[in-house]
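Take any residue in the sequence shown, count from 1 to its spot, add 185: that is its number in this note's numbering. For each residue, glycine too, the CB sits at the ideal point set by N, CA and C. Shown next, in structure tokens, is the structure this report addresses.
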Amino acid sequence: MSDASKGLRLYNTLTRMKEGFVPIDPLDVRMYVCGPTVYDFAHIGNARPVIVFDVLFRLLRHLYGETHVTYVRNITDVDDKINARALRDFGGEIASGTLSLNEAIRRVTEKTAGQFHRDVATLGCLEPTVEPRATEFVEPRADGKADMITLIKSLIGRGHAYVAAGEVLFDTASMPDYGQLSKRNLDEQQAGARIAVDAHKKNPGDFVLWKLSSPEEPGWQSPWGRGRPGWHIECSAMSAAYLGEVFDIHGGGLDLIFPHHENEIAQSRCAHGTDVMANVWMHNGFLQVEGQKMSKSLGNFYSIHQLLETETFGGRKWPGEVLRLAMLMTHYREPIDFSVRKLEEAENTLRKWKRASDLAPAAGGQVPAEVVEALSDDLATYAAFQQLTELAGEATDFSGAGENGAAASLKTSLAFLGFDVGAAKVDEAEIAGTIARRLQFIAAKNWAEADRIRDELLSQGVQLKDGKDPATGERVTTWEVKR
């Protein structure tokens with residue numbers, strides 16, 4: 186374990202304070218982050234927690250050792266929309282027994298889960314240590330790991346859950362300090378609830394642990410009838426399966442504090458009889474697009490895949506590492522305005538860093554202490570990036586003999602933060618086509634559009650040089666990669 190780990194401080198949503206991080210076991214630091222529901226392609230709001238907690242994962246591995254950190258990020262593949270799709274597409278095979286429920290759901294979600302994995306890899310994110318799927322943890326398991334049905338049985342046995350109107354519900358009144366994470370008062374929730382809508386509940390705030398499935402709906406056999414789990418119980422089971430009843434860090438987006446994380450805490454603590462579920466709760470802030478809430482109705486809803494592979498945002502595709510830096514330029518707890526201008530700023534900054542880092546043939550030595558110290562202050566990425574900019578300046582100004590130490594340290598830091606420090610990759614055919622379009626604009630005397638294309642290529646590290654063919658006198662354009 187690095188001595189620097191003693192200085193790691195993280196903001197804990199549970200206490201609303203920045204606290205010194207003390208792992209339960211420094212030889213096995215354990216973190217759980219809520220992953221995607223793979224009904225559709227992940228949108229850019231989903232990308233933010235993946236990137237933020239990837240940085241934390243990298244930092245923890247640096248401080249405690251790569252083999253001493255367990256990072257679990259789940260795949261939610263139990264969802265009514267997914268179930269409906271499985272029934273629509275494979276209902277006959279399920280009914281005849283030629284295809285199991287899990288196999289049908291797996292087929293529905295394989296495409297979107299696969300795209301999610303490709304997208305986040307392009308964003309520079311490491312794979313988590315374990316990535317469990319919810320469907321694999323509904324029923325009791327042969328390996329004895331925690332599962333949803335067993336957790337629900339425990340909650341009923343301990344007096345924290347009850348069966349009513351075909352559902353198993355968590356009894357919020359059975360937990361005196363329910364609402365600690367969100368700071369919501371249970372009495373206030375009850376006073377404002379529409380009790381008539383859920384008359385079978387003991388308390389308006391009670392939530393579903395298990396609900397029955399009709400013969401036409403996918404489901405699992407249980408002591409309470411054939412049905413399917415509620416949303417919240419999934420993460421309680423999967424986190425306990427790999428991290429134990431109490432672990433170090435639980436993360437996710439700000440929108441998950443209530444009800445999802447609040448209800449996870451209630452289920453896990455009451456099922457296991459523990460004082461806490463996780464010692465530290467971390468949440469990233471909301472994301473807007475060009476100053477507006479992202480929504481399909483406003484036409485500003487973008488998937489990660491769209492930004493990477495199509496020209497739907499700002500009229501161009503965006504490299505994954507540019508999206509990554511744009512996300513990290515704002516502190517993770519602050520709201521972020523995702524805009525073309527921010528992406529352009531990130532691209533320009535990344536280009537300057539890479540030009541400077543290319544002055545060293547390879548990364549060298551340890552990640553600078555100043556970078557680690559900045560990140561150890563509740564992931565202060567902006568402060569860490571200031572250190573990178575200083576290193577870039579030192580590397581560019583270096584004029585001595587021997588190795589450019591600042592450039593080597595910069596390259597090491599960029600790799601540590603998940604940015605590609607390999608050789609620049611260019612699509613020669615694409616560049617040739619872009620240059621041909623620019624020459625057409627020049628022939629038409631559309632100088633503004635020709636200049637725009639020149640500047641856009643330069644922003645991608647491709648510098649153009651105009652000249653004339655000595656034999657024909659025709660205008661020609663050559664190019665070279667300059668980060």
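Distance CB(residue i)-CB(residue j) smaller than 7 Å
i: W395; j: W405; result: no
i: L311; j: D265; result: no
i: T198; j: H468; result: yes
i: L217; j: L492; result: Just to set this straight, residue 217 is Tyr in the shown sequence, not Leu. No. Outside cutoff.
i: F443; j: S524; result: no
i: E555; j: Q572; result: yes
i: L245; j: V293; result: no
i: T314; j: Y256; result: yes
i: T657; j: I620; result: no
i: A568; j: K537; result: no
i: G220; j: R258; result: yes
i: A545; j: A426; result: no
i: L336; j: S421; result: yes
i: A463; j: F498; result: no
i: L340; j: A346; result: yes
i: D563; j: K203; result: yes
i: N287; j: T320; result: yes
i: G590; j: D522; result: no
i: I418; j: M333; result: yes
i: C552; j: T581; result: At residue 552 the sequence reads Val, which differs from the Cys that was named. The answer is no: Cβ separation not under 7 Å.
i: A635; j: R622; result: no
i: K541; j: A592; result: Correcting the residue identity first, residue 541 is Ala in this sequence and not Lys. It is a contact, given that the beta carbons lie within the stated cut-off.
i: H435; j: W466; result: yes
i: Q300; j: H516; result: no
i: F175; j: N448; result: Past the boundaries of the shown model lies residue 175; the chain is included only from 186 to 668, so the question cannot be answered.
i: A271; j: P389; result: no
i: A600; j: A548; result: yes
i: I192; j: S561; result: The amino acid at residue 192 is misidentified as Ile; the sequence shows Gly. Yes. Within cutoff.
i: F322; j: M423; result: yes
Per-residue burial, residue i [other beta carbons within 10 Å of its own, 16 or more giving buried]
i: L535; result: buried
i: R201; result: exposed
i: A298; result: buried
i: S285; result: exposed
i: H385; result: exposed
i: V207; result: exposed
i: N533; result: exposed
i: E659; result: exposed
i: N631; result: exposed
i: D362; result: exposed
i: S584; result: exposed
i: T495; result: exposed
i: E352; result: buried
i: R273; result: exposed
i: R343; result: exposed
i: A629; result: exposed
i: K539; result: buried
i: G438; result: buried
i: A531; result: buried
i: D210; result: exposed
i: G377; result: Any answer about G377 is weak, because its pLDDT of 43 lies below 50 and its placement is not dependable; what the coordinates show is given next. The residue in question, G377, is exposed, as its Cβ has fewer than 16 Cβ neighbours within 10 Å.
i: G412; result: buried
i: A289; result: buried
i: I380; result: Note that I380 scores a pLDDT of 41, beneath 50, so its modelled location is shaky; the value from the coordinates is reported in the next line. Classification of I380: exposed, given that the 10 Å Cβ count is below 16.
i: T459; result: exposed
Cβ distance (whole Å) where residue i is taken to contact residue j below 8 Å
i: M514; j: K527; result: 7 Å
i: V263; j: P414; result: 6 Å
i: S407; j: A227; result: S407 to A227, Cβ: 30 Å. No contact.
i: R318; j: I229; result: Wrong, their Cβ atoms sit about 23 Å apart, outside the cutoff.
i: S482; j: G550; result: The Cβ separation is near 51 Å, so there is no contact.
i: L212; j: H253; result: 5 Å
i: I616; j: W664; result: 6 Å
i: R637; j: Y196; result: So it is not a contact: roughly 42 Å between Cβ atoms.
Distance cut-off 6 Å: residue i Cβ against heavy atoms of the ligand SAM
i: L624; result: With respect to the ligand SAM, the structure shown offers nothing to examine, as it has no ligands at all.
What are the uninterrupted segments assigned as beta strand (DSSP E) that are 3 or more residues long and contained completely in the stretch 305–362, given in chain order? List check, beta strand (DSSP E) in window: 346–349 and 352–355.
Within the stretch 403–440, ranges of the alpha helix (DSSP H) (whole runs, at least 4 residues): Within the stretch 403–440, the complete alpha helix (DSSP H) runs of at least 4 residues fall at 416–428.
In chain order, each alpha helix (DSSP H) run of at least 4 residues that lies wholly inside the stretch 497–531: 505–513, all fully within the stretch 497–531.
Using 8 Å as the Cβ pair cut-off and three pairs as the minimum, do the stretch 464–481 and the stretch 274–281 touch? The stretch 464–481 vs the stretch 274–281: no contact.
Mind the definition here: the stretch 226–237 touches the stretch 446–457 only if three or more C-beta pairs lie below 8 Å; say whether that holds. With the rule of 3 Cβ pairs closer than 8 Å, the stretch 226–237 does not count as touching the stretch 446–457.
Cβ pair count under 8 Å reaching 3, the stretch 504–512 against the stretch 597–604: Because the criterion of three Cβ pairs below 8 Å is met, the stretch 504–512 and the stretch 597–604 touch.
Unbroken beta strand (DSSP E) runs of length 3 or more, entirely within the stretch 437–500: which are they? Here the runs fully enclosed are 463–469 and 472–474.
Uninterrupted alpha helix (DSSP H) stretches inside the stretch 537–564 (no shorter than 4 residues): DSSP assignment within the stretch 537–564 yields the following whole alpha helix (DSSP H) runs of 4 residues or more, N-terminal first: 554–561.
Go through the stretch 209–267 residue by residue and report every complete run of the beta strand (DSSP E) that reaches 3 residues or more, in order. Counting only runs of 3 or more residues that sit fully inside the stretch 209–267, the beta strand (DSSP E) segments are 214–218 and 254–258, in chain order.
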